[in-house]
Amino acid sequence: MARSNLRYGLNKGHPTTPIVQTPRPSHRKGSQSTRNKFVKSVVREVTGFSPYERRVMELLRNSKDKKARKLTKKRLGTLLRSKRKLEELSTIIQESRRAH
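With my numbering as the guide, the letters of the sequence shown map in order to residues 1 to 100.
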């Protein structure tokens, strides 16, 4: 909002030019490049799933969503991470169903 050199009101204060700030590298965290995506997929293909992930996938197949959520929350620490993992595993299950 432009300031108008008044002492009070909505636009109070000395008029200044805003300094444009460059985005910090920390704000890029989490965005995946194509190479990163490829490397992750190769690693997943080679290593497979951890035992708890296999168990969670089995629970999801048997429609025990609440139990699966509890298990992932216990393993991963937070509910947000748990939801993200469940979403990932459920998409993998759906893809495997489409493949067959």
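Even for Gly, the Cβ is constructed at its ideal location relative to N, Cα and C.
Asked	Found
Candidates G9, N36, A2 and D65, of which the one nearest P18 by Cα	A2
Complete alpha helix (DSSP H) runs within the segment 19-57 (minimum length 4 residues, chain order)	34-47
Contacts around P15, its chain only, beta-carbon distance under 8 Å, and the 5 residues preceding and following it disregarded	A2, R3, S4 and N5
I93 Cβ short of 7 Å to the ligand NAD heavy atom set	The ligand NAD is not part of this structure, which contains no ligands at all.
Cβ-Cβ distance between N55 and L71 below 8 Å	Note that residue 55 is Arg in the sequence shown, not Asn. Yes. Within cutoff.
Continuous alpha helix (DSSP H) stretch holding T91: start and end	L79 to A99
Neighbour-count burial assignment, N68, 16 or more Cβ in a 10 Å radius	Here residue 68 is Ala; the residue named in the question, Asn, does not match the sequence. Buried is the call here.
With 16 other Cβ atoms within 10 Å as the buried cut-off, status of L89	buried
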